[in-house]
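Taking it in order: structure first as structure tokens, then the write-up.
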DNA sequence: GACATATTTAGCTATTTAGCTAAATAGCTT
DNA sequence: AAGCTATTTAGCTAAATAGCTAAATATGTC
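Protein chains in written order, with the working numbering: chain A, 1 to 106; chain B, 1 to 106.
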């Protein structure tokens, strides 16, 4: 297995992992409606602010969101609305019939 | 936050989590070329068979792959080729310029 | 039925993750 | 500069994950 392939797999896995948490998915979903400050997201998620801050740091490190400090607040927004496509893909996956089901169908 | 929403978020997160591992991504990529038995995937991944078996069980439980026993071997295949779209989405995400970069551009 | 092969399950350990609280940082306002 | 608010960082604990080895299960062959 080639080194570049391994590297690419790790990078992709890192992206998936960043999205593999209900709270972070909710953040992404909320940010798809526009930028939000940490405090807004905190009340949305219903966990402590430090926890949200760490979730956001993770999303930032993987390039999914970017932040901008304005005064005392920090606003986060999606770096590319393209992330939302991923949800569509997964929804499609979820509702797709299996090949087994297909082969059993009349 | 409504209960159905929470439920949906958890389900989506579970799907992402299943894909959030380099070895499992490699499995998915390999299965996109056709069905494979556990032993083939084991030599591909370069880890012990029990480990691969557990990865496959996880992918099966989330509905990403399905298995079929033939004789002494078990063959796995993608339940829907749609998963591959997710990769395209993520690649697109990775190469998308940030809004910051866009606003700084001439 | 004994034996060999393919796969899964169990049980263990090391690492990672998610939440918390407390403390540190940074920017306002007075 | 003192105090207030928003955010991040550090340090901790509990739970989840990934790998291993050994044992169990299932199928096919002699």
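Every residue gets a Cβ at the ideal spot worked out from N, C-alpha and C, and that includes glycine.
Run through chain A and tell me which residues come within less than 7 angstroms of residue i, C-beta to C-beta.
| i | result |
| --- | --- |
| residue 17 of chain B | 20 |
| residue 10 of chain B | 22 |
| residue 83 of chain B | 93 |
If residue i and residue j are in contact, beta carbons under 8 angstroms, what's the gap, nearest whole angstrom?
| i | j | result |
| --- | --- | --- |
| residue 65 of chain A | residue 31 of chain A | 6 angstroms |
| residue 87 of chain A | residue 8 of chain B | Not confirmed; about 10 angstroms, so no contact. |
| residue 74 of chain A | residue 37 of chain A | 6 angstroms |
For the beta strand (DSSP E) containing residue i, list its first residue and its last residue.
| i | result |
| --- | --- |
| residue 65 of chain B | 65-70 |
| residue 77 of chain A | 73-78 |
Give me the chain A residues within the contact set of residue i, using Cβ-Cβ distance strictly less than 9 angstroms, ordered along the chain.
| i | result |
| --- | --- |
| residue 32 of chain B | Going along chain A, no residue has its Cβ under 9 angstroms from residue 32 of chain B, so there is no contact; the nearest lies around 13 angstroms. |
| residue 2 of chain B | Neighbours of residue 2 of chain B on chain A: none; closest Cβ ~11 angstroms, over 9 angstroms. |
Anything in chain B within Cβ reach of residue i, meaning under 8 angstroms, just list it in chain order.
| i | result |
| --- | --- |
| residue 73 of chain A | Those do not exist, as residue 73 of chain A stays about 17 angstroms from chain B at its closest Cβ, beyond 8 angstroms. |
| residue 6 of chain A | 22 |
Measure the Cβ-Cβ separation of residue i and residue j and say whether it is below 8 angstroms.
| i | j | result |
| --- | --- | --- |
| residue 82 of chain B | residue 39 of chain A | no |
| residue 22 of chain B | residue 10 of chain A | yes |
| residue 77 of chain B | residue 35 of chain B | yes |
| residue 52 of chain A | residue 45 of chain A | yes |
| residue 63 of chain A | residue 94 of chain B | yes |
| residue 20 of chain B | residue 20 of chain A | yes |
| residue 55 of chain B | residue 33 of chain B | no |
Run through chain B and tell me which residues come within less than 7 angstroms of residue i, C-beta to C-beta.
| i | result |
| --- | --- |
| residue 86 of chain A | 86, 89 and 90 |
Span of the alpha helix (DSSP H) holding residue i?
| i | result |
| --- | --- |
| residue 48 of chain A | Note, residue 48 of chain A: premise wrong, no alpha helix (DSSP H); not H, not E. |
| residue 14 of chain B | 3-19 |
| residue 24 of chain B | 22-31 |
| residue 89 of chain B | 83-95 |
Just to check, is the beta-carbon of residue i closer than 7 angstroms to a non-hydrogen atom of the ligand MG?
| i | result |
| --- | --- |
| residue 57 of chain A | Looking at this structure, you won't find the ligand MG or any other ligand, since it has none at all. |
When Cβ atoms are compared, which residues of the stretch 39-65 of chain B fall closer than 9 angstroms to chain A?
Within the stretch 39-65 of chain B, 44, 45, 46, 63 and 64 place their CB atoms closer than 9 angstroms to a CB of chain A, listed in sequence order.
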